[in-house]
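These protein sequence lines are chains A and B, in that order.
Just so we're aligned: 15 in numbering that gives the first Met the number 0 is position 16 of the first sequence, and the numbers increase by one with no gaps anywhere.
Just so we're aligned: 46 in numbering that gives the first Met the number 0 is position 47 of the second sequence, and the numbers increase by one with no gaps anywhere.
First the structure, in the form of structure tokens, and then the observations on it.
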Amino acid sequence: MLPLALGARYGGSKTFAMARLLVVGFVVCTLVYICLSLYSRSVRRDKLETEWREGDTEGANIEEYVQKGLKDYDGSLRRKLTLGVYVVPFCIVSFIIYATNFM
Amino acid sequence: MGYIKWALMITFWVFVAAFFHYTLPQHDVARITDTYEKRIDFGENSLFWASADTGNATTTANRDVFFIQTRLNTEEVMVYRNEDTGWGWPPYFKFDTTNLQAEASDLRSVAETPQWVVIKHYGWRNEFMSIFPNAVSLRAVDSPDVRIIPWLNIVILLLFVAFVWAIWVRWRRFREARIDPVLEDAGDSIANTSDGVKQWFGSWRK
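This is the structure we're talking about:
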């Protein structure tokens, strides 16, 4: 947040403040998005492996079972919800702008 | 060593507390006595001023700043600055500075016929640095005894505590699993060695 803090200061850089916020925000959100995607996928993989070990899926080999499960996960709504990393901050900022200036 | 550790920890948490105290919104009940604008040449205190109205030049050496002067319901006086925070920090996204100044001027009152207002603001008043809290919004109230529950601050601070706690728990678990065993091993070998040394000295004493 330091770049934002210093940028907000009087006599800060000449670039558009809004562009700066967008760029910094986008970079931060992207980092969070990547970490969250990897983490969520690994959790999903662990769950599938446990499911396979606990039975009900005899016949399939564990690697095939997990791959199929992950493929289903890639197309799922749950996977798409990760995009909330971008959507939620955008909504919060929009609401704050409305609340501060127009409410 | 213990003292240094405590001193560092206390310093760190004092900074965190100061950060939140400066940045989070607070509410004052006050009576607006006057509004004015004044040319400010920013110096050592420039960190404690926000930005020019969004869209204006940001590289000028000085500018006019709106002020709102008030008497609080505690009988003390308080002067607020009224500046855009724009797209910067802290994230109030305040663009309506001039409108707020118009509202403030409209709600001016004298001691005999007070018009009380609740002023939401962040920042500190410090006479030694000439810094002022930034008024974010205001609303008229009927009586100076209005009760204000800072829900937003409660939520933000709870989230922050939860975040710190989550990191702390994970760090402690990591330390127990990975670092403590190693230190214990080292400690054991030091203990064994010192036993040996003791015995050696012991053999002298006999």
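All C-beta atoms, glycine included, are put in the ideal place defined by N, C-alpha and C.
What you are looking at is a predicted structure, and each value in this text was computed from that prediction instead of being measured.
For residue i, go through chain A and note every residue whose CB falls closer than 9 Å to its CB, in chain order.
i      : result
D95(B) : T99, N100, F101
T10(B) : Within 9 Å Cβ-Cβ: nothing; T10(B) doesn't reach chain A, min ~18 Å.
T53(B) : A16, M17
Would residue i and residue j be called neighbours here (beta carbons separated by less than 8 Å)?
i       : j       : result
A29(B)  : N61(B)  : no
F11(B)  : T53(B)  : no
V78(B)  : F19(B)  : no
Q206(B) : S108(B) : Any property of residue 206(B) remains undetermined from this structure, which presents chain B solely from 0 to 205.
A103(B) : I39(B)  : no
I155(B) : H26(B)  : no
Y72(A)  : W51(A)  : no
N216(B) : F66(B)  : Because chain B here runs from 0 to 205, residue 216(B) falls outside it and cannot be looked at.
V76(B)  : T84(B)  : no
L151(B) : P24(B)  : yes
K37(B)  : V64(B)  : yes
Mind listing the chain A neighbours of residue i? Cutoff is C-beta to C-beta under 8 Å, in chain order.
i       : result
D135(B) : Reading off the sequence, residue 135(B) comes out as Val, not Asp. In chain order: T99.
P180(B) : The contacting residues do not exist; P180(B) stays about 25 Å from chain A at best.
F92(B)  : V92, I95, I96, T99, N100
Count the other CB atoms within 10 Å of the CB of residue i; is the residue buried (16 or more) or exposed (fewer)?
i       : result
W5(B)   : exposed
G122(B) : buried
T34(B)  : buried
L137(B) : buried
L35(A)  : exposed
S134(B) : In the sequence on display, residue 134(B) carries Ala and not Ser. When all chains shown are included, A134(B) counts as buried.
L7(B)   : exposed
Y9(A)   : Its pLDDT being 44, under 50, Y9(A) is placed unreliably in this model, and the value from its coordinates should be taken loosely. So Y9(A) counts as buried.
P89(B)  : buried
L157(B) : exposed
V181(B) : exposed
L3(A)   : Because L3(A) carries a pLDDT of 47, less than 50, the predicted location of this residue cannot be relied on, and the following value inherits that uncertainty. Buried is the call here.
T99(A)  : buried
Round the Cβ separation of residue i and residue j to the nearest angstrom and send it over; I've been treating them as touching at under 8 Å.
i      : j      : result
V92(A) : F92(B) : 7 Å
T59(B) : S50(B) : T59(B) to S50(B), Cβ: 11 Å. No contact.
M17(A) : W86(B) : 5 Å
- Task: Decide if the stretch 75 to 94 of chain A is in contact with the stretch 113 to 120 of chain B; the criterion is three or more beta carbon pairs, one per stretch, under 8 Å apart.
- Result: no
- Any contact of the stretch 23 to 40 of chain A with the stretch 69 to 84 of chain A, i.e. 3+ C-beta pairs under 8 Å? yes
- Using 8 Å as the Cβ pair cut-off and three pairs as the minimum, do the stretch 40 to 47 of chain A and the stretch 61 to 70 of chain A touch? yes
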